Amino acid sequence: MPIILPKGKKVAVVLSWDFDAMSAFVLRGETTPTFISRGEFGARVGVPRVLNLCDKYNFKTTFFIPGWTVETYPELTKKIHEKGHEVGHHMWCHENAPDLSYEKEHELLEKAMESIKKITSKYPIGNRSGGFACSNNTIKLLQDHGYLYDSTQMGDDFNVYKCRIGDHGSPNDPWHFGVESKILELPVSWAMDDWPLFEYQRTPTLNPGLHTPSEVFEIWSKEFDYMYENISNGVYTLTLHPYVSGRAHRIMMVESLIQHMLKREGVWLCRGEDIAKCWKD
Ligand SMILES: [Zn+2]
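FYI, in the working numbering the residues of the sequence shown are 26 to 306.
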């Protein structure tokens, strides 16, 4: 694989945090106090706990933050940035990209990028689309706006790869694969996302969530063990949310996971942008 990790590093781990706060609730019109407070927990309690955890184990990570959340919490976003963590793009207000026209997605991408730049003095180079859903235009838009990587697709688990542009097809014909883009993919999966496993939700659809941390630790630690033993230069990307895994019993498990990983030699806890910069064409 054309990814070269720094000397002495065998595998990389990106414990990424999607700091949505209440953006997804607001997008759906769920603006009553309890919905707002549920998202607010991520800012009041979750993010400070995550920042402490990163400090304790001395690593930098990536926070994907909607532009709307950046503007709602400018001081907290600034703190995240000043601690050396990466601020990646995560839509304007957590929109579902396939619902947007090309023009609307383009407009909101630029709006969110300006919000991030106001805080960090630079445009983001990493993207995670809301709800793990890129549109057919997303990768082209990212490429046109100077991004280096995406972390929304599921075509691999521990090998990063280049996204395609221009796929098309129908049930009547075999799939037509488009051309390789410049955008590197740090692949994700629902099993490697805290939201479906932990978050109880009644509306708009039921998600039972509320697994115990030990069940989730089993999934996430086994994924890591498999990668460590079988994939050279593997990249383990986990998707976490401050309002979900910032809860006490869950953040304790995330810490146990970090300890489990650091028992092995050559494990690099890093940001998405660090991985993008390790790619050699
Ligand atoms: Zn999100």
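Ideal Cβ placement from N, Cα and C applies to all residues, glycine included. Just so we're clear, the structure is a prediction, and the values are computed from it rather than from any experiment.
Looking only at DSSP bridge pairs, what is residue i linked to?
{"i": "G151", "result": "Y174"}
{"i": "F88", "result": "W42, V112"}
{"i": "D195", "result": "Note on identity: in this sequence residue 195 is Ser, with Asp being the wrong assignment. Partner(s): D198."}
{"i": "V36", "result": "V292"}
{"i": "R227", "result": "The partner list for R227 (beta bridge, DSSP) is empty, contrary to what the question assumes."}
{"i": "R63", "result": "Its beta-bridge partners do not exist; DSSP assigns none."}
{"i": "L209", "result": "Y174, K187"}
{"i": "W304", "result": "I28"}
{"i": "L311", "result": "The chain is shown only over 26 to 306; residue 311 falls outside these bounds and no answer can be derived."}
Going by CA-CA distance only, name the one from the options that's closest to residue i.
{"i": "L76", "options": "H266, Y186, M138", "result": "H266"}
{"i": "E205", "options": "G191, P212, D198", "result": "G191"}
{"i": "V269", "options": "G71, E55, R53", "result": "G71"}
{"i": "D169", "options": "P149, E240, F183", "result": "P149"}
{"i": "A68", "options": "C295, I105, F223", "result": "I105"}
Considering only the beta carbon of each residue, do residue i and residue j sit closer than 8 Å?
{"i": "W245", "j": "M217", "result": "yes"}
{"i": "G151", "j": "T87", "result": "yes"}
{"i": "A301", "j": "L209", "result": "yes"}
{"i": "S176", "j": "S41", "result": "yes"}
{"i": "S281", "j": "F249", "result": "no"}
{"i": "V51", "j": "V260", "result": "no"}
{"i": "Y174", "j": "L133", "result": "no"}
{"i": "D43", "j": "T264", "result": "yes"}
{"i": "V279", "j": "L30", "result": "no"}
Could you pull out every residue in the same chain whose Cβ sits closer than 6 Å to the Cβ of residue i, ignoring the five residues on either side in sequence?
{"i": "I61", "result": "M47"}
{"i": "Y253", "result": "V36, R289"}
{"i": "D215", "result": "A quick correction: the sequence has Trp, not Asp, at residue 215. Once the five neighbours on either side are set aside, the close Cβ partners of W215 are P221."}
{"i": "I164", "result": "C188, I190, S206, I208"}
{"i": "H119", "result": "D45, S48, A49, L52, P91, G155"}
{"i": "N82", "result": "Sequence check: residue 82 is Tyr here, not Asn. I283."}
Got a sec? Which residues, its chain only, sit under 7 Å from residue i by beta carbon, not counting five neighbours each side?
{"i": "H193", "result": "H201"}
{"i": "K103", "result": "I144"}
Give every residue of the same chain whose Cβ lies closer than 8 Å to the Cβ of residue i, excluding the five residues on either side of it in the sequence, and list them in chain order.
{"i": "R63", "result": "M47, F50, Y268"}
contact_flag[the stretch 120-128, the stretch 148-168] where n(CB pairs < 8 Å) is 3 or more = yes
Exercise. Any contact of the stretch 90-104 with the stretch 129-148, i.e. 3+ C-beta pairs under 8 Å?
Worked result: yes
Would you call the stretch 126-137 and the stretch 98-112 in contact, with 3 or more CB pairs under 8 Å?
Result no; under three Cβ-Cβ pairs closer than 8 Å.
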